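Here the numbering used here is used: the first residue of the sequence shown is 2, the next is one more, and so on.
Everything below concerns the one structure shown next.
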Amino acid sequence: MENLDQFRTETKEWLEENCPPEMRKPMGPGDVVWGGRNCKFPHPDAKLWLERMGEKGWTCPTWPKEYGGGGLSFDENKILQEELMAIRARPALSSFGIWMLGPALLEFASEEQKKKYIPEIVKGEIRWCQGYSEPGSGSDLASLKTKAEDNGDHFVVNGQKVWTSYADDCDMIFTLVRTGPQEPKHDGISFLLIDMDQPGVTTKPIKLISGKSPFCETFFDNAVVPKENLVSELNKGWDVAKRLLQHERNMIAGMGLGGGGSAKKKKDQPISSGMATMAKTYVGEESGKLANPALRQKIASFDINSHAFSLTMKRASEESKSSNSGPSPASSMFKYYGSESNKLRYELMLEAMGTKALGWEGEGFGPAELAITREWLRTKANSIEGGTSEVQLNIIAKRVLDLPQ
Ligand SMILES: Cc1cc2nc3c(=O)[nH]c(=O)nc-3n(C[C@H](O)[C@H](O)[C@H](O)COP(=O)(O)OP(=O)(O)OC[C@H]3O[C@@H](n4cnc5c(N)ncnc54)[C@H](O)[C@@H]3O)c2cc1C
Numbered sequence: 002m003e004n005l006d007q008f009r010t011e012t013k014e015w016l017e018e019n020c021p022p023e024m025r026k027p028m029g030p031g032d033v034v035w036g037g038r039n040c041k042f043p044h045p046d047a048k049l050w051l052e053r054m055g056e057k058g059w060t061c062p063t064w065p066k067e068y069g070g071g072g073l074s075f076d077e078n079k080i081l082q083e084e085l086m087a088i089r090a091r092p093a094l095s096s097f098g099i100w101m102l103g104p105a106l107l108e109f110a111s112e113e114q115k116k117k118y119i120p121e122i123v124k125g126e127i128r129w130c131q132g133y134s135e136p137g138s139g140s141d142l143a144s145l146k147t148k149a150e151d152n153g154d155h156f157v158v159n160g161q162k163v164w165t166s167y168a169d170d171c172d173m174i175f176t177l178v179r180t181g182p183q184e185p186k187h188d189g190i191s192f193l194l195i196d197m198d199q200p201g202v203t204t205k206p207i208k209l210i211s212g213k214s215p216f217c218e219t220f221f222d223n224a225v226v227p228k229e230n231l232v233s234e235l236n237k238g239w240d241v242a243k244r245l246l247q248h249e250r251n252m253i254a255g256m257g258l259g260g261g262g263s264a265k266k267k268k269d270q271p272i273s274s275g276m277a278t279m280a281k282t283y284v285g286e287e288s289g290k291l292a293n294p295a296l297r298q299k300i301a302s303f304d305i306n307s308h309a310f311s312l313t314m315k316r317a318s319e320e321s322k323s324s325n326s327g328p329s330p331a332s333s334m335f336k337y338y339g340s341e342s343n344k345l346r347y348e349l350m351l352e353a354m355g356t357k358a359l360g361w362e363g364e365g366f367g368p369a370e371l372a373i374t375r376e377w378l379r380t381k382a383n384s385i386e387g388g389t390s391e392v393q394l395n396i397i398a399k400r401v402l403d404l405p406q
């Protein structure tokens, strides 16, 4: 206990000294730092903050020190997160490398691969994207057709991926490819790390109705991939793919906690998502309570469910860390519930705000109101990305509840 107290004191001091004041201000949508060879920093202090946190390994606090991670225990990381939250520090780095690829590499990659790729992820030097979905292979991912052929010391990759988020800004893509065309579909897939800076890889943004485009189509046209970029064994990529999806699903589930639940609850404060306070400014109040009793009841029940969900996620995370078992098919339950909960959160906000939550641009709406409209629409994607809600229900039925196939 004394060591943890000492760790807290030292962490506080380090953060006080090293987290630039600019990085303690609320973030706007353009302030996310994704890292990468051509990283765009929204402010010089964001670069400084990433360098300092990356050097300490605190962008990935629990990853092993030998690969550049922070090497913190579960309890130490909890303290670090509390202290970061206490000074309202911005995340130094957001990345698919941290959320998805890194944990899978730590489990499945060779020693040489870990030594090469994990430190780059920790420091945000390489930006990764995910090459899973293909036209015709989304929910039925194992039917994918992009193929990699053995050509001596390298593979030659041909095919197409779709919905590749941010591919046009990324340096590398972790990709599922077919290497065993004769094998049953799950047994003929390999997991390849592909450098996108080569003539054989091109990306094309998919324009959305919003005018923005986080998605791309990614084309492989005789792309060259050295053999040492194969993770795990040939035709054993499905195991890596599934585990990576579990990490992704846990990450998406976390969105369901949003600003609510107990996560941000201060000692002695009632559990609240802050939604009731926000709703009062639009709906009004009677005797200190939200004036619309039906909406009041919905928000109260949302807050209670959010709190229970947050505690369940916390318990599962503590159990898996203490038994070193990592994520499991239970991540599908969290993904399903978290996605639906996040959608409900925004539906309730809309109910409170009325037409004020339906602005797209122009006069008559504040920046926060315009942001809520976009976020409300974005939540609809939560139950599609990382595997749809229907697919999660199938996995829960088969792998968690053990129901007949
Ligand atoms: C915001 C966002 C970001 C994404 N980013 C990436 C990315 O970076 N990289 C990447 O590879 N992919 C990405 N995707 C793609 C995503 O993984 C797929 O959209 C998803 O897996 C669903 O596949 P699909 O779109 O082909 O739908 P389909 O598989 O065609 O499904 C269509 C509908 O049929 C239902 N359905 C299908 N099969 C079943 C079944 N067996 N039982 C019941 N219902 C079923 C589905 O639930 C869905 O409602 C992203 C998607 C979104 C929304």
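Ideal Cβ positions, reconstructed from N, Cα and C, are used throughout, including at glycine.
These numbers were taken from a predicted model, which means no experiment stands behind them.
query	result
Residue burial classification, Ala47 (beta-carbon count within 10 angstroms, cutoff 16)	buried
Reduced DSSP category for Val225 - H, G, I as helix; E, B as strand; rest coil	strand
Close Cβ partners of Lys146 (< 8 Å) along its chain, the five nearest in sequence each way excluded	Glu135, Gly137, Ser138, Gly160, Arg179
Pairwise C-alpha distance: Ser318 and Lys79	12 Å
Chain-order list of residues whose beta-carbon lies under 6 Å from that of Gly71 (same chain, five-residue window excluded)	Gly58, Trp59, Pro62
Pair within 8 Å by beta-carbon distance, Val158 and Ala224	yes
In chain order, each alpha helix (DSSP H) run of at least 4 residues that lies wholly inside the stretch 296-354	331-354
Straight-line gap, Asp409 to Pro206 (C-alpha atoms, nearest Å)	Here the chain comprises residues numbered 2 to 406, so residue 409 is not present and cannot be evaluated.
Cβ contact check for the stretch 285-292 and the stretch 360-372: 3 or more pairs under 8 Å	no
N-terminal and C-terminal residue of the beta strand (DSSP E) that Asn159 is part of	155-162
Chain E contact for Val163 (CB, 8 Å cutoff)	Given the protein chain composition of this structure (a single chain), no chain E is represented.
heavy atom of ligand 1 below 7 Å from Gly131 C-beta	Looking at the sequence shown, residue 131 is not Gly but Gln. Yes, the beta carbon of Gln131 sits closer than 7 Å to at least one heavy atom of ligand 1.
Enclosing beta strand (DSSP E) for Pro206 [first to last residue]	202-206
Anticipated Cβ contact below 8 Å, Pro43 with Gly31, distance rounded	6 Å
Residue ranges of each beta strand (DSSP E) within the stretch 92-139, 3 or longer	129-132
Assigned exposure category for Ile210 - 16 Cβ within 10 Å defines buried	exposed
Contact under 8 Å by Cβ, Phe303 with Leu349	yes
Ile88 burial status per 10 Å Cβ neighbour count (16 or more: buried)	exposed
Pick from Val241, Gly37, Val232 that is closest to His187, judged by C-alpha positions	Val241
Residue range of the alpha helix (DSSP H) that includes Ser378	For the sequence presented, residue 378 should be read as Leu rather than Ser. Taken as a continuous stretch (DSSP letters only), the alpha helix (DSSP H) holding Leu378 covers 368-380.
Opening and closing residue of the beta strand (DSSP E) in which Val401 lies	Looking at the DSSP string, Val401 is not in any beta strand (DSSP E), and its letter there is neither H nor E.
Beta-carbon proximity check, Pro328 vs Gln393, cutoff 8 Å	no
Rounded separation between Ser263 and Glu184 - CA only	Residue placement at Ser263 is flagged as unreliable, the pLDDT there being 36, under the threshold of 50; the coordinate-derived value follows with that caveat. When rounded, the distance between both Cα atoms is 48 Å.
Three-state secondary structure assigned by DSSP to Ala292	coil
Spatially closest choice to Asn39 from Asp172, Ser332, Met256, Ser323, by CA coordinates	Asp172
Presumed contact (8 Å Cβ cut-off) between Asp154 and Lys228, rounded CB distance	6 Å
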